[in-house]
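A.B. asks: Numbering (this note's numbering), first residue to last: 3 to 175. Okay, handing you the structure first.
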Amino acid sequence: MPALIAAVARGEQAALRGVYDRQAARLFGVANAILRDREMAADALHDAFLKLAARAAQFDPARGAAEAWLAGIVRHAALDLARRRGREMPTDDPGLGDTPVPPAALERVAASEEGRRLRECLLALEESRRNGIVLAFVHGLSHAQIAARLELPLGTVKGWIRRGLLQLRGCLA
Numbered sequence: 003m004p005a006l007i008a009a010v011a012r013g014e015q016a017a018l019r020g021v022y023d024r025q026a027a028r029l030f031g032v033a034n035a036i037l038r039d040r041e042m043a044a045d046a047l048h049d050a051f052l053k054l055a056a057r058a059a060q061f062d063p064a065r066g067a068a069e070a071w072l073a074g075i076v077r078h079a080a081l082d083l084a085r086r087r088g089r090e091m092p093t094d095d096p097g098l099g100d101t102p103v104p105p106a107a108l109e110r111v112a113a114s115e116e117g118r119r120l121r122e123c124l125l126a127l128e129e130s131r132r133n134g135i136v137l138a139f140v141h142g143l144s145h146a147q148i149a150a151r152l153e154l155p156l157g158t159v160k161g162w163i164r165r166g167l168l169q170l171r172g173c174l175a
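Next comes the structure, spelled out in structure tokens:
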């Protein structure tokens, strides 16, 4: 994947198509998990690939996996789209009708070896840190939204998430 992204950075259209062919289903799942709307998720994926074409030269394989970098671009595109359209983020509260529907792509990732390792590492975290990370990175909530939802000081939430991410990095390394 890093070689394809490098080719995208050189302006090779076939490389962009190759990244799309290999990653679109998984990345659509990421966007759909955040937006809970297939049309909006497709728009976010489109926006993300436009950003990828423009910013491919910024990818540094020494800083992390290409797949994670791509997921970050999609996550940000989905959150930007949700903010632009003024859509509320889902709460996962069945009483409010916000029931999550996990996409098939995320199920495949979750069933993979990387998914297993991530689950193990997440379960090793303190519950507060794990919840903060899930609310931020899976549900797309900001630190302020998490603090309001959990009725905690913003600094506490930021600290939990930061320390949790550091623990995850160490566990996954």
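In this text, a Cβ means the ideal position worked out from N, Cα and C, and glycines have one as well.
Starting from Glu115, follow the alpha helix (DSSP H) in both directions and report where the run begins and ends.
C.D. replies: Counting from 1 along the sequence shown, the entry for residue 115 is found at position 113. Glu115 -> alpha helix (DSSP H) spans Glu115 to Ala126.
A.B. asks: Could you name each continuous alpha helix (DSSP H) segment of 4 residues or more that falls completely within the region 44 to 70, going from the start of the chain to the end?
C.D. replies: none
A.B. asks: Let me know if Asp62 comes out buried or exposed under the rule of 16 or more other beta-carbons within 10 Å of its beta-carbon.
C.D. replies: Working through the sequence shown from its first residue, we reach residue 62 at position 60. Flag for Asp62 reads exposed.
A.B. asks: Expressed to the nearest angstrom, what Euclidean distance is found between the alpha-carbon atoms of Ala150 and Val32?
C.D. replies: Locating residue 150 in the sequence shown gives position 148, counting from the first residue. Locating residue 32 in the sequence shown gives position 30, counting from the first residue. Spanning the two alpha carbons is a distance of roughly 24 angstroms.
A.B. asks: Confirm, please, whether the CB-CB distance from Ala46 to Leu83 is below 8 angstroms.
C.D. replies: Position 81 of the sequence shown, counting from 1, holds the residue named residue 83. Position 44 of the sequence shown, counting from 1, holds the residue named residue 46. Result yes, Cβ atoms of Leu83 and Ala46 sit closer than 8 angstroms.
A.B. asks: Could you check which residue in Val76, Gly66 and Ala59 has the C-alpha nearest to that of His48?
C.D. replies: Taking the first residue of the sequence shown as position 1, residue 48 is located at position 46. Per the Cα distances, Val76.
A.B. asks: When you compare only the Cα positions, how much space is there between Ala146 and Glu14?
C.D. replies: As a first step, residue 146 is located in the sequence shown; it is residue number 144 there, counting from the start. As a first step, residue 14 is located in the sequence shown; it is residue number 12 there, counting from the start. Rounded to the nearest angstrom, the two C-alpha atoms are 40 angstroms apart.
A.B. asks: Quick one, which of Ala64, Gln169, Gly134 and Leu174 has its alpha-carbon nearest Glu153's?
C.D. replies: Residue mapping note: residue 153 aligns to position 151 of the sequence shown, counting from 1. When each option's Cα is compared against that of Glu153, the closest is Gly134.
A.B. asks: Should the region 156 to 163 be regarded as contacting the region 53 to 68, the criterion being three or more beta carbon pairs within less than 8 angstroms?
C.D. replies: no
A.B. asks: Quick one, are the C-beta atoms of Arg165 and Arg132 less than 8 angstroms apart?
C.D. replies: Position 163 of the sequence shown, counted from the start, is the residue given in the question as residue 165. Position 130 of the sequence shown, counted from the start, is the residue given in the question as residue 132. No, the Cβ-Cβ distance between Arg165 and Arg132 is not below 8 angstroms.
A.B. asks: Quick check on the burial criterion: 16 or more other C-beta atoms within 10 angstroms. Buried or exposed for Ala60?
C.D. replies: One-based indexing of the sequence shown puts residue 60 at position 58. The amino acid occupying residue 60 in the given sequence is Gln; Ala does not appear at that position. Exposed, by the Cβ-count rule.
A.B. asks: To the nearest angstrom, report how far apart Ala17 and Leu72 are at their CA atoms.
C.D. replies: Taking the first residue of the sequence shown as position 1, residue 17 is located at position 15. Taking the first residue of the sequence shown as position 1, residue 72 is located at position 70. Going by the C-alpha atoms only, they are around 14 angstroms apart.
A.B. asks: Suppose you measure from the CA of Leu81 to the CA of Gly142; what does that come to, to the nearest Å?
C.D. replies: Taking the first residue of the sequence shown as 1, we reach residue 81 at position 79. Taking the first residue of the sequence shown as 1, we reach residue 142 at position 140. Distance between the alpha carbons of Leu81 and Gly142 is about 7 angstroms.
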